[in-house]
Amino acid sequence: MQCKPNQGSAPNPCSLEPQTGPCKAAIPKYYYSKKDNSCKEFIWGGCGGVVPFNTLQDCQQQCGNGN
Numbered sequence: 671m672q673c674k675p676n677q678g679s680a681p682n683p684c685s686l687e688p689q690t691g692p693c694k695a696a697i698p699k700y701y702y703s704k705k706d707n708s709c710k711e712f713i714w715g716g717c718g719g720v721v722p723f724n725t726l727q728d729c730q731q732q733c734g735n736g737n
């Protein structure tokens, strides 16, 4: 098997929409809301889904917080 070179950059985590995934855990994670121009918490199910940021601090460092 041969690895393929990266064909483009990874998506900007500040533009990712959060998705809770199919599992039923209730783990707080974070995403950047363009509408509110700030980092927001959402509840992740624990598997699958899209988790832009693990911590509020990570979100604020990468995306700012409306400042």
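Mapping the sequence shown onto this note's numbering, position 62 (from 1) lands on 732, and the numbers just tick up by one. Every residue, glycine too, gets a C-beta built ideally from N, C-alpha and C. Since the structure is predicted, the reported quantities are computational estimates derived from the model, not experimental observations.
Residues of its chain near L726, where Cβ-Cβ distance is below 8 Å and the 5 sequence neighbours each way are ignored: Reading the sequence shown from its first residue, position 56 is the one you call residue 726. Here the set comprises Y700, C709 and E711.
From G719, P698, I713 and S679, residue whose alpha carbon lies closest to that of P692: Taking the first residue of the sequence shown as 1, we reach residue 692 at position 22. Looking at the Cα atoms, G719 is the closest of the given residues.
C729, buried or exposed, once every other Cβ within 10 Å from all chains shown has been counted against 16: In the sequence shown, the residue the question calls residue 729 occupies position 59. Classification for C729: buried.
S679 (DSSP reduced to helix, strand or coil): In the sequence shown, residue 679 corresponds to position 9, counting from 1. Reduced to three states, the DSSP call for S679 is coil.
Classification of P681 by the beta-carbon crowding that lies within 10 angstroms, buried from 16 upward: For the purposes of this step, residue 681 is identified with residue 11 of the sequence shown, where counting begins at 1. Answer is exposed; the Cβ neighbour count stays below 16.
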